[in-house]
Structure formats: C-alpha cells, structure tokens
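Just add 909 to wherever you are in the sequence shown, counting from 1, and you've got my numbering.
Structure, as structure tokens:
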Amino acid sequence: MTSSMTFETMFSLKGRVALVTGAAYGIGFAIARALAKAGAKVAFNCRSRQHLEMALEEYRKEGVDARGYIADVTEETQVKDLIAKIERDLGTIDILVNNAGIIKRIPMTEMSVEEYRQVVDIDLVAPFIVAKAVLPGMIRQGHGKIINICSMMSELGRETVSAYAAAKGGLKMLTRNICAEYGGANIQCNGIGPGYIATPQTAPLREIQPDGSRHPFDQFILAKTPAARWGTPEDLEGPAIFLASDASDFVNGHILYVDGGILAYIGKQP
C-alpha cells in the first residue's frame, strides 16, 4: 500500500479477477456479489449444470455479471482446467475465496470413514488443490489474496461435527502456512470464520414453534451471542472486501471471526 492511496482506492477491487468456489448460494454468493460490487470480475464454480444456471439467474437479478463454470474442486485435473478457463476468459486470478464446503452432523462413533473423508476432502483438501493452482499466477504477477472460509469450529468442538471441526481446524493452519510460505511473494492468505448465519439452510433452526416459542437451537445461539442475533450473509461482505483489497496488504495468516462475539463470551450465568 502506498501513502498516496485514497480511501476509495484502498478498498477498490476494480480490474481484479476473483474466484469464489461454491458460490451458487448462501455465504459464497454474498461474498461473490460483494466483490463484484467493489469492482472485481467474479468467477464461481458449481458441480452441476442445474445449480449453475440457477445461480447465474440469481446473479443477474442482483446486477452482477458473474462467470460460472462446472468443476469439482476435489479433483485436481478439473481445478487445473477451471483455472486455465478463468485465466483465458477473465485474466490471472488476483483473489481466491475458498468457500466450497459441507458439514455432516453425525456422532463420531456412528460416522463411517467414507463420510469423514468426504468432509475432509471438500473442506480441507479442496482448498489446498485450488490454492496450489492459483499460486503460480499470483507469484508471477507479484501479488495475490487468498481467503479461506474457516469456522468457529476452527477453534471449538461440538457434538456430531468431528470431521467438520477437524477439517476447519486444518484449514486454519493451512491458511497460516500459506502465509508463512508465500508472504514474501506479496501474497496474503487470511481466513474468515463466520458465526451462525441466517441462510435458507439454517432456516429450520429459526422457525417459531407451534406454541409461539423460539426453536431451542435458536434460543441457544441468541444466548451465546453478545450481539443477540444471528448473522446475515451481508455481515460477511465488509470483511471479505477488506481481506481482498489493498487495505489488508500487511494482514497475513489471520483468521477474522465474524461471529457477533461468540468466541469472546463464556455465556450468561444460569
């Protein structure tokens, strides 16, 4: 960052090329939309044509000219092809957001090894594969931003999420190691750790019960969150733009938890 940089240019992504994996909906969609509105040319991937077309329609409704591609980020050959297509269509990737992920809520003693491996493969191995594919281009051009979507489970354990917590904990350390290994090439790798976010996927956990009370899990989250609310996908937009922009050029290996204060709070005394 230069001393002559204005406030507007500090956070501008004009002319930058961003890849947000798994950005067909939810958190990834919100981040991709934010990067586009800050000036970036945005690409995303899906594993199915149906989801790709649905996502492109949603982006169009938001006024975002996003490029969509079919690719499975757990397959290195497909990722290499994906990166080559994006570079051909849009240019060298300046910003990578490793967002694609899954969770399986299964007690550890009931979880199969295959189920465990699937979670780790998507949540931890895939970010390695995609980062490995974009790093050479970032090194050549002398700058790059990698944002890994971590989790509060990068820090905490919880019942039924052994695979997810292991993968997200590993992703935190992969983030730090990319920083350690490539910081000298002017590449910043940081993470965002979302708290509990109100998305269509979490809507059943927030439904008002027949007796008019809140869902028990909804009550649990509100009691554990100093902000006393669920987060929204929009709450992640500012942090994503910051970590993707020149404003964060000396921020590296950091996990920014966007959780309404949960990790800072032990909870109310009963």
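We put the CB at the ideal spot given by N, CA and C, even for glycine.
Output the boundary residues of the alpha helix (DSSP H) element that contains residue i.
| i | result |
| --- | --- |
| P1148 | E1146 to A1153 |
| F1159 | F1159 -> no alpha helix (DSSP H), and no H or E assigned at all. |
| L991 | E985 to D998 |
| V1028 | V1022 to V1029 |
| A927 | Unbroken run through A927 is the beta strand (DSSP E), V926 to V929; no alpha helix (DSSP H). |
| H960 | R958 to K970 |
| G1121 | Looking at the DSSP string, G1121 is not in any alpha helix (DSSP H), and its letter there is neither H nor E. |
| A1074 | S1071 to Y1091 |
| E917 | F916 to F920 |
Can you give me the Cβ contacts of residue i inside the same chain, cut-off strictly under 6 Å, excluding the 5 residues immediately before and after it?
| i | result |
| --- | --- |
| A933 | C955, H960 and A964 |
| L1005 | L928, V1043 and I1055 |
| L1033 | A1076, G1079 and L1080 |
| F938 | A932 |
| A1094 | I1048 |
| E1116 | H1124 |
| C1098 | I1055, T1084, I1087 and C1088 |
First and last residue of the beta strand (DSSP E) that includes residue i?
| i | result |
| --- | --- |
| P1103 | I1096 to P1103 |
| I1004 | I1004 to N1007 |
| A933 | Here A933 belongs to no beta strand (DSSP E), and DSSP marks it neither H nor E. |
From the DSSP output, read off the bridge partner residues of residue i.
| i | result |
| --- | --- |
| G1053 | I1096 |
| R976 | A952 |
| I1058 | I1101 |
| Y1166 | G1102 |
| G1140 | I1106 |
Quick one: Cα of residue i to Cα of residue j, how far?
| i | j | result |
| --- | --- | --- |
| F920 | G1100 | 18 Å |
| K1081 | Q1178 | 31 Å |
| L991 | D1003 | 15 Å |
| N1057 | N1007 | 5 Å |
| F1159 | T1141 | 27 Å |
| E966 | A1035 | 26 Å |
| G1046 | E971 | 30 Å |
| N1086 | V1043 | 16 Å |
| M1062 | K1077 | 6 Å |
| G1176 | R1014 | 24 Å |
| I1048 | E1019 | 44 Å |
| H1163 | G1169 | 18 Å |
| E962 | K994 | 18 Å |
| G1079 | C1059 | 9 Å |
| R997 | K923 | 18 Å |
| E1024 | T986 | 23 Å |
| I1229 | A1074 | Look at the range of the chain in this structure, 910 to 1179, and you will see that residue 1229 is not part of it. |
| A1137 | L1065 | 20 Å |
| N1111 | G935 | According to the sequence provided, residue 1111 is Thr. The question's Asn does not apply to it. Their Cα atoms are separated by approximately 10 Å. |
| G1010 | S1021 | 18 Å |
| Q1050 | E1090 | 17 Å |
| G977 | S957 | 11 Å |
| A943 | Y968 | 11 Å |
| I940 | F953 | 11 Å |
Suppose the cutoff is 7 Å on Cβ atoms and the five residues either side in sequence are ignored; what does the same chain contact list for residue i look like?
| i | result |
| --- | --- |
| G1000 | V926 |
| I1171 | M1061, G1104, K1133 and T1134 |
| V988 | A980, V982, I1038, V1039 and A1042 |
| I1106 | I936, W1139, G1140, T1141 and P1142 |
Within 8 Å of any Cβ in chain D, is that where the Cβ of residue i sits?
| i | result |
| --- | --- |
| A1156 | Going by chain labels, chain D is absent from the structure shown, which holds only one protein chain. |
Could you name the residues of the same chain whose beta carbon sits closer than 8 Å to that of residue i, not counting the 5 residues immediately before and after it, in chain order?
| i | result |
| --- | --- |
| S1157 | K1054, Q1097, N1099 and F1151 |
Inset, instruction - Evaluate contact between the segment 934-949 and the segment 1139-1154, counting only Cβ atoms and requiring at least three cross-stretch pairs below 8 Å. - result: yes
Inset, instruction - Decide if the segment 1127-1138 is in contact with the segment 1054-1072; the criterion is three or more beta carbon pairs, one per stretch, under 8 Å apart. - result: No: the two stretches stay apart, fewer than three of their Cβ pairs being nearer than 8 Å.
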